[in-house]
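Numbering (UniProt numbering), first residue to last: 1 to 361. A quick write-up on the structure given underneath.
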Amino acid sequence: MGDTPHRSAHAGTGGTRVATSHERPAGASARVAEPSGIPGMPDNGLGGGGGLPRARAFGAERAFRGLTLAAGTTVLVVIAAIAIFLIAKAVPALRANSESFWTFEGWFPNDDPPKFGIGALAFGTVLTALLALLMAVPVALGIALYLSHYAPRRLGNGLGGLIDLLAAVPSVVFGLWGRDYFAQPVADLSAWLNRYFGWIPIFGEGPYGNSILLGSVVLAIMVLPIVTSLSREVFRQTPTANEEAALALGATRWEMVRTAVLPYGRPGVIAAVMLGLGRALGETIALALTLGSTYAISFNVLQSGGNSIAANIANRFAEANDTGRGALIASGLVLFAITLIVNITARAIIYRRREFTESAA
1 MGDTPHRSAH AGTGGTRVAT SHERPAGASA RVAEPSGIPG MPDNGLGGGG GLPRARAFGA
61 ERAFRGLTLA AGTTVLVVIA AIAIFLIAKA VPALRANSES FWTFEGWFPN DDPPKFGIGA
121 LAFGTVLTAL LALLMAVPVA LGIALYLSHY APRRLGNGLG GLIDLLAAVP SVVFGLWGRD
181 YFAQPVADLS AWLNRYFGWI PIFGEGPYGN SILLGSVVLA IMVLPIVTSL SREVFRQTPT
241 ANEEAALALG ATRWEMVRTA VLPYGRPGVI AAVMLGLGRA LGETIALALT LGSTYAISFN
301 VLQSGGNSIA ANIANRFAEA NDTGRGALIA SGLVLFAITL IVNITARAII YRRREFTESA
361 A
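Dropping the structure here:
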């Protein structure tokens, strides 16, 4: 029925000890010493091969993790250092200011007592950036969709490269071009808009020249390659299965784009628009050459005038005294805060969109 354990030679004297080969646990190998084949692994003679090797105390993965942590921490430290520097330099000028920094529309930091405010500058900064996005984003999305889904591959790659070259043009070139060659066409357009649409408050009377509209048009051309390039790459990442499924159900090319491409690329488009907004908010030289450098809050985008925080810093820094430089640094602190708020808002929108998409899936 079954093999009985082999007893020792002393069984006649009453010994009942089982042979040594049968003392190992069930499932153990019959060989007493079998090399495991793994360096550093203890040889216990078990069929399972023993325990796993111990992980190294310091490896490539841990080094890479530490490097990325150090890089992220460095970015936060730099941002905090910039904020501390701006605050330290701005506080003396803010204490010497005799007017409200948030509501006063003038800029006289060199007077005695100094008087300056950020209201008109912040208004001009936000207004020019929003108008630039309003003009650039629809054109950029149309170009991106054409290059990614309508144009032949060779034509799309060639035109995409040409559009990307616009991002390499220095901003001072755009500013000089806008001031010397584009100002008169924009003035003629302003007169036409006032003649036929003057009942709209933003299309008020002249004089026409270096205005919010001119600066916004130049900014729109500068923002266009950024939004176009990022949007095109996002649209090209749309899964082919989604596009083919929409076409197989009888959708036209535009219906496929509307139902498969645009929803998939929406977070990327939002990121591209916010990146373009950050570029428009921080632009300096182009706006310094195309705006009228006036300090007033006005919704009339056609009239000569307008100013922005960055352009005002470029125009006024050379003539500023100690208090004036502190006032300009205080305005830079406001621009720094606006940019941070824009970036944080963009990240929150993208995160909420991704969370909604993952939960729906």
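Every residue gets a Cβ at the ideal spot worked out from N, C-alpha and C, and that includes glycine.
Residues bridged to residue i (per DSSP)
i, result
"residue 115", "108"
"residue 303", "208"
Own chain, CB closer than 8 Å to residue i, minus 5 neighbours either side, in chain order
i, result
"residue 108", "114, 115 and 116"
"residue 151", "159"
"residue 376", "Nothing in the structure corresponds to residue 376, since the chain is present only between 1 and 361."
"residue 384", "Nothing about residue 384 can be reported from this structure: the residues present for the chain run from 1 to 361 only."
"residue 342", "274, 277, 278 and 281"
"residue 270", "346, 349, 350 and 353"
"residue 171", "222, 283, 284, 285 and 286"
Straight-line Cα distance separating residue j from residue i
i, j, result
"residue 231", "residue 62", "35 Å"
"residue 300", "residue 328", "26 Å"
"residue 248", "residue 156", "25 Å"
"residue 208", "residue 191", "7 Å"
"residue 154", "residue 147", "10 Å"
"residue 68", "residue 279", "26 Å"
"residue 27", "residue 59", "The predicted model places residue 27 with a pLDDT of 46, which falls under 50 and marks its position as unreliable, so this point remains unresolved."
"residue 22", "residue 70", "In this predicted model, residue 22 has a pLDDT of only 48, less than 50, meaning its place in the structure is not dependable enough to derive any value."
"residue 194", "residue 213", "13 Å"
"residue 370", "residue 204", "A query on residue 370 cannot be resolved here, the shown segment of the chain reaching from 1 to 361 and no further."
"residue 254", "residue 206", "42 Å"
"residue 277", "residue 225", "13 Å"
"residue 228", "residue 143", "7 Å"
"residue 330", "residue 126", "17 Å"
"residue 258", "residue 173", "37 Å"
"residue 304", "residue 180", "15 Å"
"residue 349", "residue 165", "29 Å"
"residue 189", "residue 201", "16 Å"
"residue 268", "residue 110", "46 Å"
"residue 177", "residue 161", "22 Å"
"residue 293", "residue 238", "45 Å"
"residue 149", "residue 263", "15 Å"
"residue 221", "residue 199", "28 Å"
"residue 183", "residue 316", "23 Å"
"residue 312", "residue 302", "20 Å"
"residue 74", "residue 100", "36 Å"
"residue 167", "residue 78", "26 Å"
Beta-carbon contacts of residue i that lie in its chain and below 6 Å, excluding the five residues immediately before and after
i, result
"residue 138", "none"
"residue 215", "128, 287, 290 and 291"
"residue 131", "216"
"residue 265", "234 and 235"
"residue 243", "256 and 260"
"residue 197", "203"
"residue 98", "113 and 115"
Beta-carbon separation (whole angstroms), residue i vs residue j, contact threshold 8 Å
i, j, result
"residue 210", "residue 291", "6 Å"
"residue 217", "residue 169", "That belief does not hold up - the Cβ atoms of residue 217 and residue 169 are roughly 15 Å apart, past 8 Å."
"residue 310", "residue 284", "4 Å"
"residue 333", "residue 84", "With 8 Å as the limit, residue 333 and residue 84 do not qualify as a contact, their Cβ atoms being about 11 Å apart."
"residue 323", "residue 96", "6 Å"
"residue 136", "residue 223", "5 Å"
Neighbourhood of residue i by C-beta, 7 Å cutoff - its chain only, sequence neighbours within 5 removed
i, result
"residue 120", "105, 295, 296, 297 and 307"
"residue 326", "89, 90, 92 and 93"
"residue 345", "none"
"residue 145", "235 and 257"
Status (buried if at least 16 other CB within 10 Å, exposed otherwise) for residue i
i, result
"residue 65", "exposed"
"residue 219", "buried"
"residue 124", "buried"
"residue 250", "exposed"
"residue 246", "buried"
"residue 340", "exposed"
"residue 134", "exposed"
"residue 347", "exposed"
"residue 281", "buried"
"residue 252", "exposed"
"residue 240", "exposed"
"residue 163", "buried"
"residue 338", "buried"
"residue 80", "exposed"
"residue 318", "exposed"
"residue 273", "buried"
"residue 175", "buried"
"residue 352", "exposed"
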